[in-house]
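Numbering (this note's numbering), first residue to last: 3 to 597. To start, the structure under review is shown below, and the notes come after it.
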């Protein structure tokens with residue numbers, strides 16, 4: 003048992019055998035799928051066949067698990083798989099290909115050495131997951147142009163195969179040896195066509211003798227185990243099955259080698275004294291027939307064996323946590339079901355495909371007023387997602403602003419703007435020295451002088467993010483910076499940009515001119531009674547470099563200076579937003595560098 007982080011005891015972990023046994027239940031449910039067709043159709047085409055395949059296609063180098071079924075049964079099969087594997091992710095894909103162009107092929111199929119009612123060894127008696135031996139072969143190719151697959155085609159078994167198994171178990175319980183029972187079975191099959199009536203009479207006589215024999219025969223532990231295994235197979239759901247092994251490589255020798263390794267992985271299913279697989283390899287012409295049947299998933303009665311659900315699950319089941327093969331195509335992330343209250347309006351973010359149901363995921367206008375983070379590794383589609391969102395806004399006639407630190411996104415957005423909205427575009431590129439935009443950080447509506455405090459607070463916040471003023475600035479920096487900006491803004495006619503702040507600090511004549519037009523008594527008192535009269539380390543001459551050092555990289559930058567030195571900003575962002583303009587800001591570091 004495991005402990006959760008809260009300290010409460012969680013559910014006990016299932017063992018590997020319990021996890022594999024889920025496949026048995028799935029097979030039993032699939033065995034109940036009925037073909038809704040007439041008797042004539044079933045006589046010609048037979049029952050519905052489901053194919054279970056483990057493959058490593060060429061040019062892929064990943065092991066995948068496939069389930070093939072007739073189209074009319076696909077939804078049923080998907081629902082059954084999801085009912086037993088709620089966390090499974092199913093994807094309908096085009097058929098895979100293990101055959102590289104110009105490659106050589108090796109193929110075989112498996113049958114039993116004994117009769118179908120004798121069981122092979124299953125996962126219940128194996129110490130580790132038998133799937134590991136199979137997938138290890140598929141995961142050790144020398145190059146991507148090699149491929150291989152294991153195909154198990156199953157359909158519900160009909161006939162008296164269970165009765166034969168129970169008959170063998172009954173005879174052993176009456177004291178017959180397994181070897182003698184096998185000989186009887188062989189002789190019976192040989193003589194069945196000639197002495198059918200006589201054998202039936204003999205059987206009825208034997209049954210009468212067995213019924214009258216009330217004495218129990220004591221079996222050895224080994225014999226009891228054999229009887230248990232034979233009865234175990236007879237009591238499980240049964241399937242007619244074709245098992246095919248196909249390999250492809252750039253040489254015939256290599257293809258034969260891969261096939262031999264796949265065949266050897268089935269040695270683990272040998273049940274001593276009962277049954278085991280034997281490999282059937284055909285000649286060159288018939289070998290192509292095996293590959294043909296594999297590709298088109300054709301069930302052949304002459305190749306069929308009978309497997310119980312436990313035996314099928316031992317050969318094919320979906321990988322579990324203990325499956326150690328590294329090249330299995332594990333699911334990297336799982337799809338969650340969409341919430342029931344998902345928005346029906348807004349821009350499309352994408353689609354949610356959950357268990358075959360496709361739901362459009364939208365981002366409502368109300369949600370967009372809050373923070374929205376797109377997180378992912380490089381190359382996973384973050385910019386593409388933003389571009390698609392912007393494209394929808396533009397097509398819907400909305401106003402939108404894109405600030406791109408790389409430049410690629412803005413260029414792609416420009417290409418997708420329809421002609422009808424070309425006049426709404428405002429393109430801001432700081433690297434364009436011939437037509438520099440104006441962006442005055444100290445500009446405000448002079449009809450609303452209270453905006454000055456807001457503008458200065460926002461500017462100081464910007465410097466705080468750039469320099470961490472708590473560590474490098476302190477209250478002295480904020481005091482001098484705030485009063486310098488307020489003094490500059492008191493008389494916009496003589497200059498009211500970042501360029502004037504160093505002049506106010508260092509140029510006494512310019513500062514006195516500004517003070518002469520200053521109507522703010524607090525600002526005027528600071529400069530005349532505090533800053534200019536301070537001495538020692540707090541002297542104005544000592545404070546000037548301390549303040550201007552934070553502005554130097556802006557006012558000395560040849561690209562930034564033409565932008566921040568203009569009195570009037572080229573763009574009124576408030577008006578652009580209200581007029582639903584398209585604002586594109588290209589801050590490509592490759593053009594303007596780090597600022």
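Ideal placement from N, C-alpha and C gives every residue a C-beta, glycine not left out. None of these values were measured; they are calculated from a predicted model.
- Taking the Cα positions, residue 222 is about 43 Å away from residue 69.
- Annotation note: the stretch 359-397 contains the following uninterrupted alpha helix (DSSP H) runs of length 4 or greater, listed N- to C-terminal: 384-397.
- Secondary structure of residue 107 (DSSP, three-state): strand.
- Burial is judged here by how many other beta carbons sit within 10 angstroms of a residue's own beta carbon; residue 71 has at least 16 and is buried.
- Taking a contact as a CB-CB distance under 8 Å, the pair residue 546 and residue 508 counts as one, their CB atoms being some 5 Å apart.
- In the structure shown, residue 448 falls within a coil segment according to DSSP collapsed to helix, strand and coil.
- Cα atoms of residue 469 and residue 345: separation of roughly 41 Å, rounded to the nearest angstrom.
- Under the three-state reduction of DSSP output, residue 316 falls in the helix class.
- Where residue 57 is concerned, the enclosing beta strand (DSSP E) starts and stops at 52-58.
- Runs of alpha helix (DSSP H) with 4 or more residues, each lying fully within the stretch 261-300, are found at 286-298, listed in chain order.
- For residue 329 and residue 426, the gap between their C-alpha atoms comes out near 52 Å.
- A Cβ-Cβ distance of about 6 Å is found for the pair residue 500 and residue 553, placing them in contact under the 8 Å criterion.
- Using a 10 angstroms sphere on the CB of residue 331, the tally of other CB atoms stays under 16, which defines it as exposed.
- Under the DSSP definition of a beta bridge, residue 333 lacks any partner.
- In this model, residue 592 and residue 335 are separated by some 35 Å (Cα to Cα).
- By the Cβ criterion, the stretch 232-243 is in contact with the stretch 302-320, since at least three pairs of Cβ atoms, one from each stretch, lie closer than 8 Å.
- Residue range 66-70 is occupied by the beta strand (DSSP E) that includes residue 67, with no alpha helix (DSSP H) assigned at that position.
- Counting only unbroken stretches of 3 or more residues, the beta strand (DSSP E) elements lying wholly within the stretch 412-436 are 427-430, in sequence order.
- DSSP places residue 166 in the helix class (H, G or I) of the three-state scheme.
- Ranked by Cα distance from residue 559, the first of 432, 529, 574 is 432.
- Sequence-distant Cβ neighbours of residue 493 in its own chain, meaning closer than 6 Å and more than five residues away, are 516, 519.
- The C-alpha of residue 113 lies about 25 Å from the C-alpha of residue 321.
- In the DSSP assignment, residue 545 forms no beta bridge with any residue.
- Cβ atoms of residue 399 and residue 571 stay farther apart than 8 Å, at about 25 Å.
- Residue burial is scored here from C-beta neighbours: residue 450 has fewer than 16 other C-beta atoms within 10 angstroms and is therefore classed as exposed.
- As the crow flies, the alpha-carbon of residue 354 is around 33 Å from that of residue 150.
- With respect to the 7 Å criterion, residue 412 and residue 404 are classified as neighbours on the basis of their beta carbons.
- In this model, residue 569 and residue 581 are separated by some 23 Å (Cα to Cα).
- 7 Å or more divides the Cβ of residue 139 from the Cβ of residue 180.
- Using a Cβ distance threshold of 7 Å, residue 367 and residue 348 count as a contacting pair.
- In the three-state reduction of the DSSP assignment, residue 401 falls in the coil class.
- Closest option to residue 481, judged by alpha-carbon separation, among 62, 435, 532: 532.
- Taking a 10 Å sphere around the C-beta of residue 82, we find 16 or more other C-beta atoms and assign the residue as buried.
- Residue 356 carries a strand assignment under DSSP once its states are collapsed to helix, strand and coil.
- For residue 458, the three-state secondary structure derived from DSSP is helix.
- Distances from the alpha-carbon of residue 448 to those of 495, 438, 465 put 495 closest.
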